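Note that the numbering used here numbers the sequence shown so that position 111 is 535, with each residue one more than the last. The beta carbon of each residue, even a glycine, is placed where N, CA and C say it ideally should be. As the structure is a prediction and not an experimental result, all values here were calculated from the model. This report refers to the structure that appears directly beneath it.
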Amino acid sequence: MTETTKESIDFKVIDDILKSFEYKKSYLIAMLQKVQEVFRYLPEEAMTYIGEHIDGLSPATVYGVATFYAQFSLEPKGKYEIKVCDGTACHVRGSMPVLNAIRNKLKLKEGQTTCENGLFSLEIVSCLGACGLAPVCVINDKVYPQMTSDAISTILDTLMKEEGVNI
Ligand code: FES
């Protein structure tokens with residue numbers, strides 16, 4: 425996984441991705457998915473680069489596609505992507521206290537979705553299709569059932585300890 429900041433976009437990595445899709449505009453979505461997989465979001469510079477290096481595209485077109493699809497993030501995501509379900513079943517069974525516990529633990533300010541050191545990002549999602557396990561959280565691909573504020577705090581503590589950080 426390539427670590428990046430807005431100042432350190434590795435255009436060679438982006439070009440290799442474009443090359444693997446033969447610089448064809450019909451593969452734009454797949455290219456964007458790959459760029460996001462590498463950088464964990466779509467850096468503006470990457471979208472501009474793609475728009476300028478693929479025949480028939482422009483930076484504006486690429487940006488338009490990237491903002492149209494919910495799967496794409498224009499902001500950096502954390503190494504750990506936390507999703508809290510706030511569908512009806514999860515909401516009724518206490519997703520809000522869980523969400524607040526995460527925000528407090530990660531010291532997220534209003535509107536902030538990724539913590540300062542970039543380790544965790546937080547997203548609220550609608551029904552994950554596991555209502556019987558409500559309230560549900562997902563961290564990367566792992567599902568955490570029947571969450572409470574205490575349980576999610578312990579999970580985050582464990583992950584922080586593994587990463588050797590304290591937020
Ligand atoms: S409402 Fe949360 S999993 Fe269905």
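L452 - containing beta strand (DSSP E), residue span: Mapped onto the sequence shown, residue 452 falls at position 28. L452 -> not in any beta strand (DSSP E); alpha helix (DSSP H) instead, spanning L452 to F463.
Endpoints, the beta strand (DSSP E) within which E468 is located: Within the sequence shown, the letter at position 44 stands for residue 468. E468 -> not in any beta strand (DSSP E); alpha helix (DSSP H) instead, spanning E468 to H477.
Residues of its chain near K430, where Cβ-Cβ distance is below 8 Å and the 5 sequence neighbours each way are ignored: For the purposes of this step, residue 430 is identified with residue 6 of the sequence shown, where counting begins at 1. With a pLDDT of 48 at K430, under the threshold of 50, the predicted position of this residue should be treated as unreliable, though the coordinate-derived value follows. P467, E468 and E469, listed in sequence order.
Sub-7 Å separation of V486 and G475 beta-carbons: Within the sequence shown, numbered from 1, the residue matching residue 486 stands at position 62. Within the sequence shown, numbered from 1, the residue matching residue 475 stands at position 51. Contact flag set, yes.
Own chain, CB closer than 7 Å to R517, minus 5 neighbours either side, in chain order: Along the sequence shown, one-based indexing puts residue 517 at 93. Within the same chain, R517 has close Cβ partners A558 and P559.
Beta-ladder partner(s) of K507, from DSSP: Locating residue 507 in the sequence shown gives position 83, counting from the first residue. Answer by DSSP bridge pairing, in chain order: E547 and V562.
The ligand HEM heavy atom lying under 6 Å from the CB of L546: As far as ligands go, the structure on display features the ligand FES and does not contain the ligand HEM.
F492 - containing alpha helix (DSSP H), residue span: Counting from 1 along the sequence shown, the entry for residue 492 is found at position 68. First-last of the alpha helix (DSSP H) with F492: P483 to F492.
Where the alpha helix (DSSP H) containing V516 begins and where it ends: Taking the sequence shown and counting its residues from 1, the one referred to as residue 516 is at position 92. Looking at the DSSP string, the run of the alpha helix (DSSP H) that includes V516 is T512 to V516.
Local Cβ density within 10 Å of Q599, reported as buried at 16 or more and exposed below that: With the chain covering 425 to 591 only, the question about residue 599 has no answer from this structure.
Enclosing alpha helix (DSSP H) for S382 [first to last residue]: No information on residue 382 is available, as it lies outside the stretch 425 to 591 that the chain covers here.
Beta-carbon gap between M471 and A490 smaller than 7 Å: Translated into positions along the sequence shown, residue 471 becomes position 47. Translated into positions along the sequence shown, residue 490 becomes position 66. Going by C-beta atoms, M471 is nearer than 7 Å to A490.
Buried versus exposed call for I453 [16 or more other C-beta atoms within 10 Å across all chains shown]: In the sequence shown, the residue the question calls residue 453 occupies position 29. With fewer than 16 Cβ atoms within 10 Å of its Cβ, I453 is classed as exposed.
L552 CB to nearest heavy atom of the ligand FES below 6 Å: For the purposes of this step, residue 552 is taken as the residue at position 128 of the sequence shown. For the ligand FES, at least one heavy atom lies less than 6 Å from the Cβ of L552.
Local Cβ density within 10 Å of V567, reported as buried at 16 or more and exposed below that: Translated into positions along the sequence shown, residue 567 becomes position 143. Under this definition V567 is an exposed residue.
Under 7 Å between C-beta atoms of K529 and L580: Taking the first residue of the sequence shown as 1, we reach residue 529 at position 105. Taking the first residue of the sequence shown as 1, we reach residue 580 at position 156. Cβ distance < 7 Å, so K529 and L580 count as in contact.
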